[in-house]
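Line by line, the protein sequences are chains A and B. Residue 48 in this note's numbering sits at position 46 of the first sequence; the count goes up by one each step and never skips. Residue 434 in this note's numbering sits at position 9 of the second sequence; the count goes up by one each step and never skips. Think of the CB as a built atom: it goes at the ideal place given N, C-alpha and C, for glycine as much as any other residue.
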Amino acid sequence: MTQTSWLDSHEAAVAHMTELLKQPATKTSNLKKVNHLRSLSGDRPLTMAEYLDVIEKSRRGIYPWDEVEKLNLFQRLRKAWKNGRHAFNATMRK
Amino acid sequence: MMNAVKTLSNWYELPWSVGLKEVLVLFGFILGMISGFIGVVTYRRNTAIRAQDVRANRIRRTYDVMVSYPGAIRDKVLLVTRQLNEGLKVLDELHPQELDADQLDSILLSIVLETDMIGLLHLLDPYGFLLGHQDYLFTDEVLNTFASEVRRVLLNQQLASSIATILKTSTMSGVTQLQQQLRDHQVQR
Chain A
3 MTQTSWLDSH EAAVAHMTEL LKQPATKTSN LKKVNHLRSL SGDRPLTMAE
53 YLDVIEKSRR GIYPWDEVEK LNLFQRLRKA WKNGRHAFNA TMRK
Chain B
426 MMNAVKTLSN WYELPWSVGL KEVLVLFGFI LGMISGFIGV VTYRRNTAIR
476 AQDVRANRIR RTYDVMVSYP GAIRDKVLLV TRQLNEGLKV LDELHPQELD
526 ADQLDSILLS IVLETDMIGL LHLLDPYGFL LGHQDYLFTD EVLNTFASEV
576 RRVLLNQQLA SSIATILKTS TMSGVTQLQQ QLRDHQVQR
């Protein structure tokens, strides 16, 4: 890890962040940053509506890892059976 | 009545014989039982051996994953964690209550960009994919190898919105699975 960043030292971090704070931030500029980050992993850019949706959800404390996908009855039954089996196996192994 | 009593009391004096058919039926019955017993034993034995094989494969795969979690990724995780902690600490010193939400998001995104979070997510993505297939791995044991350090990055409450915006409809779907697994793992402890 030879590359240095402003997060490596406390003073540099404080200086850089105070610099950042002087610049105004809007939803649009934030979305531009997000889309830059997403382009690094080759994903399509988010639209404003999607971005606002994600932001709103995380403000309310709904995180993506808590969201459950919509399943029909049989998929739910199958999942419940699978979870129960795994729970049983885990308990028995202990 | 008397005849019946006579017959019963003298049964050993009665003439008797065994037909060939009766003998064959009895032998057939016994042979059937023996072959049935052998069949059951063979089936049980084969099932047990197969279960052993499945278990051995599971152990081998789990071991492979545990071993294949290399020092490079661990170094990267620790570096990112240290930088994130530094950034969040400085952010706390700057009184985030006075900042408005957009500026806070902007700063968090800058921190995420600076720490090369994307590279780390790319490295962790395959592990999420593997952990999605619980039938083939001992998930708990795999998670035990890296949950404690990865959790601090992936389940960070302050960075949750930034990571969520990156992962929304992303090709790195393994990371979301990994987050779910980590949360369940945390609940279990």
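- B:ASP550 and B:GLN606 have their alpha carbons spaced roughly 13 Å apart.
- Looking at the backbone, the Cα of B:VAL600 and that of B:MET458 are separated by about 56 Å.
- B:ASN435 carries a coil assignment under DSSP once its states are collapsed to helix, strand and coil.
- One alpha carbon belongs to A:ARG87, the other to B:LEU568, and they sit about 19 Å apart.
- At the C-beta level, A:PRO66 and B:ALA589 come within 7 Å of one another.
- A:LYS35 has a beta carbon lying within less than 7 Å of a beta carbon in chain B.
- A direct Cα-to-Cα measurement between B:ASN428 and B:LEU439 gives close to 13 Å.
- Secondary structure at B:LEU580: coil, using DSSP grouped into helix, strand and coil.
- B:TYR494 sits in coil when the DSSP states are folded into three classes, being neither helix nor strand.
- B:TYR561 and A:ALA92 have their alpha carbons spaced roughly 14 Å apart.
- Taking one beta carbon from each stretch, the segment 464-476 of chain B and the segment 503-516 of chain B have fewer than 3 pairs nearer than 8 Å; the two do not touch.
- Annotation: the continuous alpha helix (DSSP H) that includes A:GLN77 extends over 75-95.
- Three or more beta-carbon pairs separated by less than 8 Å are not found between the segment 533-551 of chain B and the segment 71-83 of chain A, which leaves the two stretches without contact.
- Among the residues facing chain A, B:VAL515 is included, as its CB has a counterpart in that chain under 7 Å away.
- Contact between the segment 16-29 of chain A and the segment 576-587 of chain B is absent, with fewer than three C-beta pairs closer than 8 Å.
- Following the DSSP letters along the chain, one finds A:THR30 inside the alpha helix (DSSP H) bounded by residues 29-42.
- For A:GLU52, the chain B residues whose C-beta falls within less than 9 Å of its own C-beta are THR590, LYS593 and THR594, listed in chain order.
- In the DSSP assignment, B:SER586 falls within the alpha helix (DSSP H) that extends over 585-592.
- The beta carbons of A:TYR53 and A:LEU39 sit no closer together than 7 Å.
- Note on geometry: alpha-carbon atoms of B:ARG499 and B:PHE571 lie some 8 Å from one another.
- Nothing from the segment 464-484 of chain B brings a Cβ to less than 8 Å from some Cβ of chain A.
- For the 7 Å CB-CB criterion, A:LEU9 and A:ALA17 do not form a contact.
- Using a Cβ-Cβ cut-off of 8 Å, A:ALA82 is close to nothing in chain B; its nearest Cβ partner there is about 14 Å away.
- Look at B:ALA585: its C-beta is under 7 Å from a C-beta on chain A.
- For the pair B:ILE532 and A:LEU42, the CB atoms are not nearer than the 7 Å cut-off.
- Within chain B, no residue has its CB atom less than 7 Å from the CB of A:LYS24, the nearest being about 10 Å off.
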